[in-house]
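Scroll down for the structure; my scribbles are underneath it.
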Ligand code: TXA
Ligand code: MG
């Protein structure tokens, strides 16, 4: 009798896990309950200055494994551990090189993730078995309060289903995560819109594993020489090998001097296709679904809306969308890194 009762309880828990009631908190709420959810091993989506994160206690293996489940994330792709004070760093990392310290002093709190040699305090599941751990001190006040109130380091990947564009507002988190996690804190739209720059500090020269708002030039100014993880080789950052950021629609990048003319011809011949372009080309695409990225002269603005615009491609029910290369300077490097991944090598060369 007792055993039967226990068994039903287990079934109940399983059913609840699949159809969990996800509570939405507006940013005016105090964060006592979301912080308690984290302490009790639950998952809360929270805004950061880059994208929304799926937050759980980084020191609780079960909670972390539930993040992987909610996202459908491969277990060999490690998570970033978020802290809200430099004091929290000491227990997590073995050593801080002078180069790492210089980057911390300049860019934390902010959109920069640093890779360190990990202590055993960080569970292996967080690191996907690597000897290193990724740490970020976010600047977003809501994320900082959540970490401080929960009083634990927080593991947080972007709050999308694995492979989809990262969510930059609560509506997109709900789209991917409703019924899969305990709560979502709605903090409006994220400021930067692309994920943090990831820099490996465990080698002699810092290596940029993922470009972001903190650009190669900004890092070079602080530490001198740097290396960039080449796309052609096996990536050092496990996450970079996966197709990422893709809407359901096929994304096609057209490059070369005749890019706009070529897109115009291709899209006219295809009633289920649209374009994802800076606003400057609008008059060349009359009666074509046109998703505007904003002005090509403001790459920071384009970065801040890029993932939202990729999701709008699916809202319009398009089967394919054409876009162009933007200048790969400064934040443009992060934009093109994400777009090239989104297109899964669908690149057309159009002269030039
Ligand atoms: O802006 C951000 O970084 C957001 C917000 C939520 O903080 N987070 C985020 O997490 O983008 P995620 O899991 O989507 O991306 C983490 C990236 C992946 O490419 C992963 O492979 C890499 O960081 N990474 C994590 N730990 C690593 C490690 N020990 N060594 C190398 N790369 C690592
Ligand atoms: Mg991600």
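Residue numbers (my numbering): 50 to 401. Glycine included, each C-beta is placed from N, C-alpha and C at the ideal position. All of these numbers come straight from a predicted model, not from anything done at the bench.
Endpoints, alpha helix (DSSP H) assigned at residue i
i: residue 306; result: Residue 306 -> no alpha helix (DSSP H), and no H or E assigned at all.
i: residue 353; result: 348-364
Own chain partners of residue i with C-beta closer than 6 angstroms, once the 5 adjacent residues on each side are dropped
i: residue 133; result: 193, 196 and 197
i: residue 72; result: 232
i: residue 225; result: 209 and 210
Check whether residue i and residue j have beta carbons under 8 angstroms apart
i: residue 324; j: residue 354; result: no
i: residue 199; j: residue 84; result: yes
i: residue 201; j: residue 106; result: yes
i: residue 112; j: residue 230; result: no
i: residue 395; j: residue 302; result: yes
i: residue 296; j: residue 227; result: no
Limits of the unbroken beta strand (DSSP E) element including residue i
i: residue 232; result: 232-235
i: residue 265; result: Taken as a continuous stretch (DSSP letters only), residue 265 belongs to no beta strand (DSSP E), being part of the alpha helix (DSSP H) at 265-272.
i: residue 246; result: 246-249
i: residue 372; result: 369-373
Where residue i falls: helix, strand or coil (DSSP)
i: residue 179; result: coil
i: residue 229; result: coil
i: residue 143; result: coil
i: residue 115; result: helix
i: residue 339; result: strand
i: residue 238; result: coil
i: residue 378; result: coil
i: residue 252; result: coil
i: residue 210; result: coil
i: residue 132; result: coil
Close beta carbons around residue i, own chain, < 7 angstroms, minus the five adjacent residues each side
i: residue 127; result: 175, 176, 177, 179, 183 and 287
i: residue 337; result: 316, 323 and 324
i: residue 313; result: 333 and 334
i: residue 254; result: 274, 275 and 276
i: residue 241; result: 98, 99, 160, 262, 352 and 353
CB contact below 8 angstroms: residue i versus chain B
i: residue 152; result: The chain labelled as chain B is not found in the depicted structure, where only one protein chain is given.
Residues near residue i by beta carbon distance below 8 angstroms, same chain, minus five either side
i: residue 86; result: 92, 93, 231 and 232
Margin query: Three or more C-beta pairs under 8 angstroms: does that hold for the segment 173-188 against the segment 124-132?
Written below: yes
Next item on the list: Spell out a yes or no on whether the segment 95-112 and the segment 197-209 are touching, meaning 3 or more CB-CB pairs, one atom from each, closer than 8 angstroms.
Entry: The segment 95-112, when compared against the segment 197-209, does touch it at the 8 angstroms Cβ threshold.
Item checked: Segment contact, 8 angstroms Cβ cut-off, at least three pairs: the segment 154-164 with the segment 86-95 -> no
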